[in-house]
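Read left to right, the sequence shown gives residues 1386 to 1693 (my numbering).
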Amino acid sequence: MNFTFRGLMAPVFTPFKDDMTLNVEIIPEYANLLKTFGIRAILVNGTTGEGPSLSKEERKQLAVKWKETVNTTKQHLMVQVGGAPLPDVLELARHAEQIGVDSILCLPELYFKPTTTTELIDYLKEIGKAAPNTPLLYYHIPSFSNVTINMVDLVKEIKGKVPSFCGLKFTSTQLDEAILALQANEKYAIFVGADSVLAGAFALGLDSAIGTTFNIFPGISIEILKAIGQSNVKEARILQEQLNTLIEGIKKHGSWVATMKYAMSLIMPLKLGKVRKPLNNLTEEEEKSIADSLKRSASSGLILSHNM
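Take a look at the structure:
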């Protein structure tokens, strides 16, 4: 199945109101903000979007509103359907295809975890049957899923078994595995999911990424990709170091999603609300620490120079 998108994709946060119900009204503004900064693709209901913490109906509601929005903004729309009981995953996949999303991403089964490549392929077959006309990518995130199946084996063995399968979101710093997976079948798209290793991944031949920081500091990652395209590895390394400094100043104060969502509320003119349980929101002290860190970065010109 043909899957043509390559480049940077933002895994969007789920916007909540004060009562923790969905704030879908803000989505057009969110999409246009990302488009302004050069982000041409959106991932909905992923880790950053707290997909597994949402009900099936909430996930559908978000997918519908984002689909309506990208019809205007012309951004690629990928929807993550996994992280739920299999009947719900299949329903979410069917729904995604029915509303016409551009691609589907799927986590593995998170309780009865696959332990072999064959078991994982069998699971992906079911997703593919539910949405046979929509490109399907597998979400490899072993730090969360604890599914450690080698992705080189997957891309070698899945060929011809799941017709809609088109690639991976590879959220791991094991770049040797990502490169070998790409070399094993270059027709598949492989999106780097670890913001801290973008320069290395791009230098090694990968050309696409899905990173939380694309919501907050999109310009830095765009410039990293551009620098590698111009064979300016030194510049890419400097930019990566700057991005990693920003990341460390944020994430050390709490969970990844909670800290990044709060940072976005400080950097961007968009209020997306708190995170939902089981994630913990930040304390006032943690919020102040992140704000102070970002102020220091802003005073040095690090943030604004890349977000303008």
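C-beta: ideal position from N, C-alpha, C; glycine also.
Just so it is clear, the structure is predicted and the values come from calculations on it, not from any experiment.
Asked: Which residue's Cα is closest to the Cα of Met-1405: Glu-1669, Lys-1662 and Lys-1680?; Found: Lys-1662
Asked: Helix, strand or coil for Gln-1465 per DSSP?; Found: strand
Asked: Shortest alpha-carbon distance to Met-1653 belongs to which of Leu-1679, Lys-1619 and Leu-1509?; Found: Leu-1679
Asked: By the 10 Å Cβ neighbour count, where 16 or more other Cβ atoms means buried, how is Arg-1444 classified, buried or exposed?; Found: buried
Asked: Quick check: the segment 1617 to 1627 against the segment 1563 to 1572, are at least 3 beta-carbon pairs closer than 8 Å?; Found: no
Asked: For the segment 1490 to 1568, list the beta strand (DSSP E) runs that are entirely contained and at least 3 residues long, ordered along the chain.; Found: 1521 to 1525 and 1550 to 1555
Asked: From the DSSP output, read off the bridge partner residues of Val-1429.; Found: Val-1464
Asked: Note down, in chain order, each residue of its chain lying with its Cβ closer than 8 Å to the Cβ of Ile-1632, except the 5 sequence neighbours on either side.; Found: Asp-1580, Ser-1581 and Thr-1598
Asked: DSSP on Ile-1575, reduced to helix/strand/coil?; Found: strand
Asked: Is Phe-1602 helix, strand or coil when you go by DSSP?; Found: coil
Asked: Using a Cβ-Cβ cutoff of less than 7 Å, which residues in the same chain neighbour Gln-1625 once the five nearest sequence positions on both sides are dropped?; Found: Leu-1583, Ala-1584 and Ile-1609
Asked: Verify whether the separation of the beta carbon atoms of Val-1532 and Lys-1498 is less than 7 Å.; Found: yes
Asked: With a threshold of 6 Å on Cβ separation, who are the neighbours of Asn-1692 within its own chain once the five nearest residues in sequence on each side are excluded?; Found: Because Asn-1692 carries a pLDDT of 48, less than 50, the predicted location of this residue cannot be relied on, and no value is offered for it.
Asked: Identify, in the order they occur along the chain, each residue of the same chain with its Cβ nearer than 8 Å to the Cβ of Gly-1485, setting aside the five sequence neighbours on each side.; Found: Lys-1452
Asked: What residue ranges within the segment 1607 to 1640 form continuous alpha helix (DSSP H) runs of no fewer than 4 residues, ordered along the chain?; Found: 1618 to 1636
Asked: Report the start-end ranges of each alpha helix (DSSP H) in the segment 1645 to 1672 that is 4 residues or longer and not cut off at the edges.; Found: none
Asked: So, using beta-carbon positions, are Pro-1520 and Ser-1488 closer together than 7 Å?; Found: yes
Asked: Using only CA atoms, which one of Tyr-1647, Leu-1428 and Glu-1410 lies nearest to Gly-1392?; Found: Leu-1428
Asked: Return the first residue and the last residue of the beta strand (DSSP E) that Leu-1716 is part of.; Found: This structure gives no information on residue 1716, because the portion of the chain shown stretches from 1386 to 1693.
Asked: Give me the DSSP bridge partner(s) of Leu-1407.; Found: Phe-1401
Asked: Straight-line CA distance for Glu-1482 to Val-1464?; Found: 10 Å
Asked: With a CB to CB cut of under 8 Å and the five nearest residues on each side skipped, what residues in its chain are close to Ala-1574?; Found: Phe-1388, Phe-1390, Arg-1391, Leu-1522, Cys-1551, Gly-1552, Leu-1553 and Ser-1593
Asked: Since Leu-1477 contacts Lys-1450 with CB under 8 Å, what's their CB separation in whole angstroms?; Found: Not quite, the Cβ-Cβ distance comes to about 15 Å (not below 8 Å), so this is no contact.
Asked: Hey, quick one: how far does the beta strand (DSSP E) through Ile-1595 stretch, first residue to last?; Found: 1593 to 1595
Asked: Going by DSSP, which residues form a beta bridge with Ser-1488?; Found: Met-1463
Asked: Since I believe Phe-1576 is in contact with Phe-1555 (beta carbons under 8 Å), could you give me their beta-carbon distance rounded to a whole number of angstroms?; Found: 7 Å
Asked: Between which two residues does the alpha helix (DSSP H) holding Asn-1387 run?; Found: No alpha helix (DSSP H) contains Asn-1387, which DSSP labels as neither H nor E.
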